[in-house]
Every structure is written in C-alpha cells, then in structure tokens.
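One structure is given below, encoded as structure tokens.
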Amino acid sequence: MTAVMEAKGLSKHFQARRGLFGGSRGVVRAVDEISFAIETGHTLGVVGESGCGKTTTAKLVLGLETPSGGSIQFEGRDLETLDTPGRRRYRKSVQAVFQDPYASLNPRMRISAIIAEPLVTNEKTVAPEVRHRVLELLDLVGLPERSADLFPHEFSGGQRQRIAIARALVLSPQVIVLDEPVSALDVSIRAQILNLLRSLQTRLGLSYLFIAHDLAAVAHMSHEIVVMYLGKIVESGEARALALSPKHPYTKALFAAALPSHPDERSDEPVLQGEVPSPLSPPSGCHFHPRCPHATARCAQEAPRLRPVEGRQVACHLFE
Amino acid sequence: MANKLLSLENVSAHYVSQQGTRVVRAVDEVTLSLDAGETLGIVGESGSGKSTLALTILRLLPKAARIVGGRIMFEGEDLVDKPAAEMRRVRGKRIAMILQDPMASLNPLFTIGDQVGEPLRVHEGASRSSAWQRAIDLIKSVRIASPQTRVAQFPHEMSGGMRQRIVGAIGMSCEPRLLIADEPTTSLDLTIQAQYLDLLRELQRTHGLALIFITHNLGIVAKMCDQLAVMYAGRVVEQGPVSRVFSQPLHPYTKALLGSIPRMTEEREQLTAIDGQPPDLANLPAGCSFAARCPAAFARCQVEAPPDFTVEPGRSARCWLAAPTVHASIDQTIPLSRSAAS
Amino acid sequence: MTVTTTPLAAAAASPAARTLKLWRLEGFPLIPVLILLLIAFVAVFADFLAPYDPQIGSLARRFRPPAWEAGGSMAHLLGTDHVGRDVLSRLIFGARVSMVVGLTAVLVAGGIGTLLGILSGYLGGWVDQVIMRVTDAWLALPALTFAIFLAAIVGPSELNIIVILGGVYWTRYARVVRGEVLSLKQREFVRLAVVAGCSKWLIMRRHILPNVLNSAIVLATLMLGVVIVTEASLSFLGVGVPPPKPAWGLMMADGKKGLMVGYWWLTVFPGICIMLMVLSANLLGDWLRVKLDPQLRQL
C-alpha cells in the first residue's frame, strides 16, 4: 500500500490580533505538528470537536492556507519543492466537496458551467469535449442530462451535493477532501450521498480525506481515522478497531458521547465534563488533562508524544 | 384516555396562500398522546411538518397557517379554542419550548438573570429581586458553576453549551408540565450535546416533566425517548414505544430511515438509501404520500391513502401493509375493499 | 450500484422568465414605474412633444399664467417665464437633462464604487485599507458642499456635473458592495473556485460581480433620487447645468424671485416634477430591495 499524500509535522499557527494597531497577542496553534498519510484508494477520516483543527487541516491540504511548518508530500514529493507545473498538477489532483450544498454552487451559473469550471480553467478543451465530459459526469453522479442547462435553485439539497461531487470529479483528481459532505442533508438523502461516494471510490480508485462530526458516518466511510483535540492528533489507527475500542481517554469520551443507533444500546458511561478550552490559551502539558479522568501530575507538565500502541498511534502517558 | 397529559386528536394545520389557491397540508390528521413524565420523539425530515406541529400545540402558527381541525387536549382542556389571552398563560408557564439556536433565543442586551427571571415576573408576578434569586437557583440547577457571578453576565460572555443551558433554565423557570425541544442540540459539539441531553434527563426526573423532542436525528430518539412518532409529508406514518419501533418497524419509511443511518457496530458496504424526494405538500399524491419512494408499494397505495391502523395497543402505522387483512398476503392485482379503519 | 434520478423542476426557467415572474408579484409599484416610464418617454421624444423651443421666448409674452388662471391661454398650458419661454416645453426638455444626468451619474458612481468595493472586499489587506480610508474621508465631507466646491473649480457643464456627482457618490456603493463581497468570499463556491484553480481576477469577475449586481441595482435605484435632487440643487445654486439649458433645478432658481409677486407656476411645476421623479425612484428602489435582497430571498 502506498500513500498518495502524506503530511509530516504539519503546522498552522495564526497570530491572534488585538487592539487598534494590530499588536500581536499570542498565537493560535490551529494545527500543531500533525502527521498522517492517505493511502491510495482509501478514506482517512478526521474527527474532533470545534476548534480541534480539522477544517484548517482540510484547508492546508487544499492549498487554501500555507503551512507554518512541516510539509505535505504528494506522490512522494514535497509540495514546497515542486515547480510551477508540478504545483498545477497537485492542484488538479486534489479537489473538494463542502458542507453546504446551497452555498457551494454559484447561483448565477448554469450547472454545465459549474461542473466544467475547473476543466475550462486548467486545460484547453474544446467546447464539444467539455459538454461531453459534463454529461458523462452527470450520469456518473446519477442526474439526468437535462440538468446541465438548469440553475442551482432548481435542485434539492441532495441533488446539489451530487452536482458538487460531479464538479470535484471533472479533472479526474486522485484525492477529494470531503468536509462535512452530508451534515446539511436530510437523513434519507445522506445515505444516497454516502453510497454514491463509496461507489465512486471503488470505481475510480479515489482517495478521500473525510471530515465529519457524525462518528458513525466517519466509521462507516473510513479505512483509517485520526482523532484531533486542540490542534493535535491524540489517536489514529484502523477505523473499525479505533471506533470499537478507543484507547485515548478523549477518544473514549468522544465515542461514548456518540448517540446510540438503537435504544437498547444506550450507554451508562459517565459523560465527559467541561468544555473545550480556548485555543488561544491551551492547557499546559497534555491539552486534554483538565478534563481527563485519568490525569496525573505528569500530564499537566509534559505533553505526550504519539506512540505505537497495539497497531495504532496514541498520544497518552497511560500507554507507555 | 382521560389521564393523558397531552393528546392530539386528528389535528390538522394548513398554510393557505393569500389568494387561497395553494393549500399546504403541513400537519394533517395527527393523533398523538403523551403521559406525564414521558418523553416523545417526533422524527421527520425537513418539510415533514414536525416543527409546524410543535407550533400548532403552542398555537404559535404564523398568520398564513390555521388549525383546520381536531382537538389538542392538555391537562383536560382543549387548547384549540382557548382565547388568546388564556393561551398566553399556558405558554411559558405550563408548556415551555426550547429552540435550536441558543444565541438567537437570548437577548444580547439583558443579563442572564433578567432573562431567566422574566417568565417568573410575567406569569407569577414575582418581584425583580425574588425573580433574581430564583434565577440563581435555576442557573445552578442547569449545572453552571458559580451562578452568583453568571447571573449578572451577558449572553456573549458564555460559551455555546452554556447558553443552551440558560435557554433550558428559562424553559424550566415556571416549572412547566411539558417542555417542547425543537432540535435543541444541532449546533452543539458531541460531548457538549451529551452533557446537555444528560441535564435534560435529570431535570425531567426531578420535576416529573414531560418532554417532546422534535428532531431529524434518530440517535437522539434512541438515547432519550420512550415513545416515537415518525412524520412524513405532514402525517404521522408510524408511532409506538421506541424500542419496539426500532426493532420492528412497520412502515417502510421507518424501516428505510433506520437502515439509512450508518452504525459503528456493523460493517456494511451500502446503506439503505431512500430514492427520490419527499412530495410537494401543496400537491400531494392521491394515494399514500410515500408510495412513489416505497420499495413495497403496490397498486392500492397509488390510489388510496391508508388510514392509521392500530397494530397493537399504543402502536400504529399508516400503511396498507399494517392492515390486518393484508398482513398475510399482498394482492397486487385485485383492489381490496375498504378495510375497517382504526 | 445505481442512483435513481429524481424528477427535476419541470420547467427549465431561464433568468428572463424568472424576471418576468418577478413583475407579476404582489406589491409591484405600478404607478411609480409608470411615472418613471412617462418621464423617460418624454425625455426621449422631447423634440416631438414640446410645443415650443425651450430656449427661445418672446418678451412680449412673459409671465403668462397657466391656462386655467385669469389671463392664461391654451397656447401656453403651464404659462411662460420671465423671458417668455413656454414652461411646459422647458419641463419636457428638463426631463431629458434630469434623466441623462441622473442615469449617467448613477452609472459612473456605481461603476467606480462597485469596482473599488469588489477590489477592497476581495483582495483585503493594504488594498482594502487604502480604499476604505479614502472612502471614510470621502464620506466625512458634506456631499453637497463638496459638489459645489468641485463645480466651482471645473466650471458648470452637463458633463462636469455627471463627473462630479459620480465622484461624490461612489462611496456608498463601495461600502455596500464591500460588505456583500466579504460575505460572498466566505461562501463555499468561492472557496471551491480557488480549489479549482481560478485566478483572483476570474473569481472576482465570474463569482463575485454577478452576485453583487442585485445589491448594486437596488442601490442605483435609490441613488437616482439622491442624484437628481443634488443636480437640481446645484443647478438651483447656479453651479449646475448652465443656462439657458432647461434643467428643473435651474427653472426653480430662475422662478424664485417671481414667487413673491405671485408667479407661482415658475417654481411649483418643476418642483412637482422633481418630487414625482425622486419619489417614484425611491418607491421602486424600496420594492426592488425587498425582492432582490439575497437575505430576504431564498435562492
């Protein structure tokens, strides 16, 4: 198995500006030295609560933000060292589908133009070929040909998300970043889109970076899962194993807080107390220690590093 | 039943356009009931009428909508023809409601204490100082630390989870008998959501409160509710005790809905997707409104809407498959005679 | 796996068809629109409609009252002014001046403001800082005084008035458009366009501009009233359209001395014209704002 994309010690720090003259006051480590790999044809799921850095991670992968440290490697080559054609090739290989199907399509453009935009912008293609490609993609995502000449407002949320997927596919990318692709959709439509994404993955050999707050959906879609808390990875590993027997106390609490799929599965585990601290002043040592039921004096002083534990990576002093 | 806290009998609420040409059957012939201290989950997708149903119970429908039929019995009184002034005394005092967005539910210009104490002053004529004191107790009861200082703060000084608790405290201030929560946790993080649901459960236990959860999330129902009503296109298509419905859904829509949620405990290649879209409520099909998307639909479903069949005490479904006469075999060709409606 | 297709909205409505549907909606300000259309019609066909040359009068027939007053005649329906020019004819040609100056000045202001607003909002950083500080400074100046000052420097002419009004009023566009762009920039389709590899200029042209046009159009309709009043004020003060060209503001200025001795028609009729036009433009603008405002309208 080879990794199509790899992040090594990736960081993104923001200056928190305050005051009239923009005097800098503190740094927000939105993403703090994280490493992960997306295997070819696999889905890497990223879970965590607000402020954990999963959206910033997606932006870094998409090139919407530049990293403050670390690197992203694509097909074995460091992005930093790529020349202009190499960068263009990277940009074409990594596309995205976002959460809100109502905001992700320009209301003033026809569907054909929306889907074709990445193609027209990046490659010299003649009109009939573009049209052919658009129709091919509409068919692939399960929409009728005549959709091409309509405007976004004529479609429902689920149909719009199909259009957004078709657009993401037009350049035949290798990686698609899926940032909460179904959370804005109705329950019965979610399954349609998740099924579509899975079948496209097998048919086209796509790799996904899947970000969602619905743990069951992530577990269902992913081959590997990364759990983030305040900018750091606290646990990562094979999806099912991680979902069924989480190791890190935060992962445990997170999965315990997930809603049951059947009334008989109601858990009696105590609910994690407190809220996620402000990323402007994260706790010392292990960021999770103030909420952790197992925290010791050491946790407040020394940040644990990710270590292999039974075939997965856990950042916790309990597992040394 | 007479001792029910709340019972809805054939309640319909329709939106009528200004010209009177378009009638949207947002809530259509809904029959439901709830005991004191019980939790009912009303589940449906957007446009299923679940939020309109909540507004109907509180008689807070927008101008364009009207209750066109049925009775809403609450503690032995019919709310449908209660005068507006009396209805105001019911709202906030005996029936409270929590909305989805905690920021929009709080006025940024008033202190937490003023807002938590407001229902007490309106409904019980409490003085400002005694309302303030009770507000401190209420803030404590929703497990917010140092209520003495929190009470004088403003909404923007609190986190989202805390604000949602404050909204809960406002709902609880007059010790209502029934609390209606419309998607109360959709904007919250997972662990905060769990904390909040826990809190609601505790409040319910200590106050003998009945809860109605309006949600699209079957997980919340599985976690919190005793009874479940599934709404589709303005109608309750299936209802019953939660674990019975989850284990043995009667209506194909419920079945598909349960099959469409991914589960951590099992690995499936495909989820059960429900093809197509819900129908236009202003232009409902002649037969069952789910027939067009239903994998089990047969000829009769297209022409005649099924009545509410009671399958066992407390359990019913609006589906021909649940009818006593067709339960054994489904005849696809010969139209059946009209069976006895429940 | 198959994904079933779901029926789409049957009619593939084009934008033009949707616009047509918009007009049929309730609350359409029919009378204001008819008034504006009438003024536009009169302005275009002034040469055929006006009974007399608006710039040439005869002193023998000065200060004739309107036809229905004692001493009036059907020959001069709305009377004549201090040099014997027909008031009706001057009003008709005045409509042309108001329309031309009003529309072009709004267009100039809208063009400058929209362009700077988009640049400021989308590019951000120092570009934003510079444009917004200039806008702030501009807004701090009293518009009318500023316009008089500019007019006094460059001298009165129709073209100068247009340039001055455009130069004075672009700031409102810049403010409104910038705000709109800031929210559009956060919309996912703009972020996706970046992912798709579109350049900044392409994004501004294809994704930002068409989506701020609604607001710009609403603002233009509302600004039309403001601009026409300012033009009339400048002409009234003698730094606007140079005489003997018939502008409504200028007509009021010329007639103001006659007001004290009973020649009321010289000021009242142009006053009514200005009021009708400004009121109509504002009513139309208000309606458009409700209809086109993306906040109120579900896309």
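Here the protein sequences come in this chain order: A, B and C.
So the first sequence is numbered by this note's numbering: it starts at 30 and just counts up by one.
So the second sequence is numbered by this note's numbering: it starts at 3 and just counts up by one.
So the third sequence is numbered by this note's numbering: it starts at 41 and just counts up by one.
The C-beta atom is built at its ideal place from N, Cα and C for all residues, glycine as well.
- Chain A has a Cβ within less than 9 Å of the Cβ of residue 228 of chain C.
- DSSP links residue 238 of chain A through a beta bridge to A:73 and A:206.
- If you check the CB distance, residue 31 of chain B and residue 218 of chain A do not come in under 9 Å.
- The continuous beta strand (DSSP E) containing residue 212 of chain B extends over residues 212-217.
- Considering only beta carbons, the part of the stretch 113-135 of chain A lying closer than 8 Å to chain C consists of 117, 120, 121, 123, 124, 125, 127, 128, 129, 131, 132, 133, 134 and 135, in chain order.
- Contact annotation for residue 233 of chain C against chain A: 135, 146, 147 and 150 [CB-CB distance below 9 Å, chain order].
- Counting only Cβ-Cβ distances below 8 Å, residue 242 of chain C has contacts in chain A at 150, in chain order.
- Per the Cβ contact rule, the stretch 202-211 of chain B is not in contact with the stretch 218-228 of chain A (fewer than 3 Cβ pairs under 8 Å).
- Boundaries cannot be given for residue 6 of chain B, as no alpha helix (DSSP H) includes it and DSSP labels it neither H nor E.
- When Cβ-Cβ separations below 9 Å define contact, residue 256 of chain B makes no contact with chain A.
- Taking a Cβ-Cβ threshold of 9 Å, the residues of chain C close to residue 91 of chain A are 231, 234 and 235, in chain order.
- The C-beta of residue 316 of chain A comes no closer than 9 Å to any C-beta of chain B.
- Non-local C-beta neighbours of residue 194 of chain C in its own chain, meaning closer than 6 Å and more than five positions away in sequence, comprise 200, ordered along the chain.
- Under the three-state reduction of DSSP output, residue 80 of chain B falls in the strand class.
- Counting along the chain, the unbroken beta strand (DSSP E) around residue 318 of chain B starts and ends at 317-319.
- CA-CA distance, residue 317 of chain A to residue 207 of chain C, rounds to 58 Å.
- Listed along chain A, the residues sitting closer than 9 Å to residue 224 of chain B by beta-carbon distance are 288, 289, 290, 291, 292, 293, 294 and 295.
- The beta carbon of residue 98 of chain A sits closer than 6 Å to the beta carbons of 40 from its chain, once the five residues preceding and following it are set aside; these are given in chain order.
- Around the beta-carbon of residue 147 of chain B, fewer than 16 other beta-carbon atoms lie within 10 Å, marking it exposed.
- Residue pairing for residue 341 of chain A: DSSP places it in a beta bridge opposite A:338.
- Within the stretch 216-249 of chain B, the complete beta strand (DSSP E) runs of at least 3 residues fall at 229-234 and 237-243.
- Taken in chain order, the complete beta strand (DSSP E) segments of 3 residues or longer contained in the stretch 78-165 of chain A are 98-103 and 123-126.
- Going by DSSP, residue 179 of chain B is part of no alpha helix (DSSP H) at all; its letter is neither H nor E.
- For residue 251 of chain C, the chain A residues whose Cβ falls inside 9 Å of its Cβ are 135, 136 and 137, in order along the chain.
- Taken in chain order, the unbroken stretches of alpha helix (DSSP H) that lie wholly in the stretch 284-309 of chain B and span 4 residues or more are 301-305.
- Under the 10 Å beta carbon count, residue 267 of chain C is surrounded by 16 or more other beta carbons and is classified as buried.
- Listed in chain order, the non-local C-beta contacts of residue 320 of chain A below 7 Å within the same chain comprise 301, 302 and 303, local neighbours out to five positions each way being set aside.
- A distance of 9 Å or more separates the beta carbons of residue 264 of chain C and residue 275 of chain C.
- Contact between the stretch 206-223 of chain B and the stretch 80-90 of chain B is not established, with fewer than three Cβ pairs separated by less than 8 Å.
- For residue 211 of chain C, the uninterrupted alpha helix (DSSP H) segment begins and ends at 198-226.
- By the Cβ neighbour-count rule, residue 143 of chain A is buried, with 16 or more other Cβ atoms within 10 Å of its own.
- DSSP lists A:98 as the bridge partner or partners of residue 40 of chain A.
- Between residue 235 of chain B and residue 291 of chain B, the C-beta spacing is below 9 Å.
- Straight-line measurement puts the Cα of residue 249 of chain B at about 28 Å from the Cα of residue 210 of chain B.
- Relative to residue 257 of chain B, the option among B:323, B:304, B:301 and B:305 whose CA is nearest is B:323.
- One Cα belongs to residue 118 of chain C, the other to residue 112 of chain C, and the distance between them is close to 9 Å.
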